[in-house]
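Residue numbers (the numbering used here), protein chains in the order written: chain A, 1 to 114; chain B, 1001 to 1115.
Idealized CB from N, CA, C, for every residue including glycine.
Note that the structure is a prediction, hence the values are computed from the model and not measured.
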Amino acid sequence: DTEVTQTPKHLVMGMTNKKSLKCEQHMGHRAMYWYKQKAKKPPELMFVYSYEKLSINESVPSRFSPECPNSSLLNLHLHALQPEDSALYLCASSQEVQEGNTIYFGEGSWLTVV
Amino acid sequence: AQTVTQSQPEMSVQEAETVTLSCTYDTSESDYYLFWYKQPPSRQMILVIRQEAYKQQNATENRFSVNFQKAAKSFSLKISDSQLGDAAMYFCAYRSLFGNEKLTFGTGTRLTIIP
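Right under this line is the structure:
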């Protein structure tokens, strides 16, 4: 059963707030990802964790701070965001980072920054 | 760097008919993976089908099949017996075989099913 769960489904936050997006998978996958998706656009990679270590940061602003507490959990801490950061944030996982393994996505968290 | 092109921003098909979505890509690699993902209005990205470039045989998953032409760098998706639940944005995606965590997406094709 391929399932990546994300919470919350919707989040509205002010530009001075601190909030977090959470992601969990129980498939034993060792790679986890954060993607950002704007309306009518494909997802854009933000971060990759492999075996709980950050392996890729796609030059994401520091107001986004990822955290991988264990192999099943991935958080995205948000602070001092801008309205243009409003988007769908997708968490994903795969068995391994390499070898072209299929990436499975969660339902996403809709973020609105006001 | 790899690129993925979907030249059809929108497509429509009558329910129960067949539709083909186009995808071309550019790469200098010889081994890689290709995917079709579906994103319905609920916004979850759902894997539709996957193709390994080293396999000659086209992948098939129930009503979904691909036409993989490696030399032409083409990877089209055929949906047979279209159903209302097939309405979604469809993304073609490329992933290297080794050492590259990125999934490179095309710009997507919005598929409408006409009852």
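Give a yes or no on whether the minimum CB-CB distance between A:Pro8 and chain B is below 7 Å.
Position 8 of the first sequence holds residue 8 of chain A. Not an interface residue.
Could you tell me which chain A residues have their CB closer than 9 Å to the CB of B:Arg1043, listed as they occur along the chain?
In the second sequence, residue 1043 of chain B corresponds to position 43, counting from 1. Those within 9 Å of B:Arg1043 in chain A are Gln37, Leu88, Leu90, Glu107, Gly108, Trp110.
Judging by CA-CA distance, which residue of B:Tyr1033, B:Ile1049, B:Asp1031 is the nearest neighbour of B:Tyr1090?
Position 90 of the second sequence, counting from 1, holds the residue named residue 1090 of chain B. Closest option to B:Tyr1090, Cα to Cα, is B:Ile1049.
So which residues on chain A does B:Lys1073 lean against when the C-beta distance must stay under 7 Å?
Here residue 1073 of chain B corresponds to residue number 73 of the second sequence, with the count starting at 1. Simply none; closest approach about 17 Å.
What residue from B:Ser1096, B:Phe1105, B:Thr1003, B:Ser1080 has the CA that sits closest to B:Glu1052's CA?
As a position in the second sequence, residue 1052 of chain B is number 52, starting the count at 1. Checked all of B:Ser1096, B:Phe1105, B:Thr1003, B:Ser1080; the closest Cα to B:Glu1052 is B:Ser1096.
Report the neighbours of B:Phe1105 on chain A: residues whose CB is nearer than 7 Å to its CB, in chain order.
Counted from its first residue, the second sequence places residue 1105 of chain B at position 105. Near B:Phe1105 (Cβ distances below 7 Å), the residues of chain A are Pro42, Pro43.
CB-CB under 6 Å to A:Leu88, same chain, minus the five flanking residues each way: which ones, in chain order?
For the purposes of this step, residue 88 of chain A is taken as the residue at position 88 of the first sequence. The residues are Gln37, Gly108, Trp110.
Thinking just about the alpha-carbon of each residue, which of A:Ala92, A:Glu96, A:Tyr104, A:Glu84 is nearest to the one in A:Tyr15?
Within the first sequence, the letter at position 15 stands for residue 15 of chain A. Before going on, a small fix: residue 15 of chain A reads as Met here, not Tyr. Among A:Ala92, A:Glu96, A:Tyr104, A:Glu84, the Cα nearest to that of A:Met15 is on A:Glu84.
Alpha carbon to alpha carbon, what distance is there between A:Arg30 and A:Glu96?
Taking the first sequence and counting its residues from 1, the one referred to as residue 96 of chain A is at position 96. Taking the first sequence and counting its residues from 1, the one referred to as residue 30 of chain A is at position 30. Cα to Cα, the separation comes out at about 6 Å.
Quick check on A:Thr102 - is its C-beta less than 7 Å from some C-beta in chain B?
Here residue 102 of chain A corresponds to residue number 102 of the first sequence, with the count starting at 1. Judged by the 7 Å Cβ criterion, A:Thr102 is in contact with chain B.
Residues of chain A with a CB under 7 Å from the CB of B:Gly1108: which are they?
Position 108 of the second sequence holds residue 1108 of chain B. The answer, in chain order, is Pro42.
Beta-carbon separation of A:Leu74 and A:Cys91 under 7 Å?
For the purposes of this step, residue 74 of chain A is taken as residue 74 along the first sequence, with counting starting at 1. For the purposes of this step, residue 91 of chain A is taken as residue 91 along the first sequence, with counting starting at 1. Contact: yes.
Should B:Ala1001 and B:Asp1081 be called a contact, given that it needs their Cβ atoms to be closer than 7 Å?
One-based indexing of the second sequence puts residue 1001 of chain B at position 1. One-based indexing of the second sequence puts residue 1081 of chain B at position 81. In this structure, B:Asp1081 does not lie closer than 7 Å to B:Ala1001 by Cβ.
Check the Cβ of B:Lys1070 against every Cβ in chain A and list those closer than 8 Å, keeping chain order.
Mapped onto the second sequence, residue 1070 of chain B falls at position 70. The contacting residues do not exist; B:Lys1070 stays about 15 Å from chain A at best.
From what residue to what residue does the beta strand (DSSP E) around A:Ser69 run?
Position 69 of the first sequence, counting from 1, holds the residue named residue 69 of chain A. This sequence places Pro at residue 69 of chain A; Ser is not what is there. Per DSSP, A:Pro69 belongs to the beta strand (DSSP E) from 64-70.
Leaving out five residues on either side along the sequence, give the residues of the same chain with a beta carbon under 6 Å from the beta carbon of B:Ser1074.
Numbered from 1 along the second sequence, position 74 holds the residue referred to as residue 1074 of chain B. The answer, listed in chain order, is Thr1024.
Taking the C-alpha atoms as reference points, what is the distance between B:Gln1006 and B:Thr1018?
For this step, residue 1006 of chain B is matched to residue 6 along the second sequence. For this step, residue 1018 of chain B is matched to residue 18 along the second sequence. Using only the alpha carbons, I get a separation of about 18 Å.
Taking the alpha-carbon of A:His10 as reference, which of B:Ser1042, B:Leu1103, B:Gly1085, B:Thr1112 has the nearest alpha-carbon?
For this step, residue 10 of chain A is matched to residue 10 along the first sequence. Comparing Cα-Cα distances from A:His10 to each of B:Ser1042, B:Leu1103, B:Gly1085, B:Thr1112, the minimum goes to B:Ser1042.
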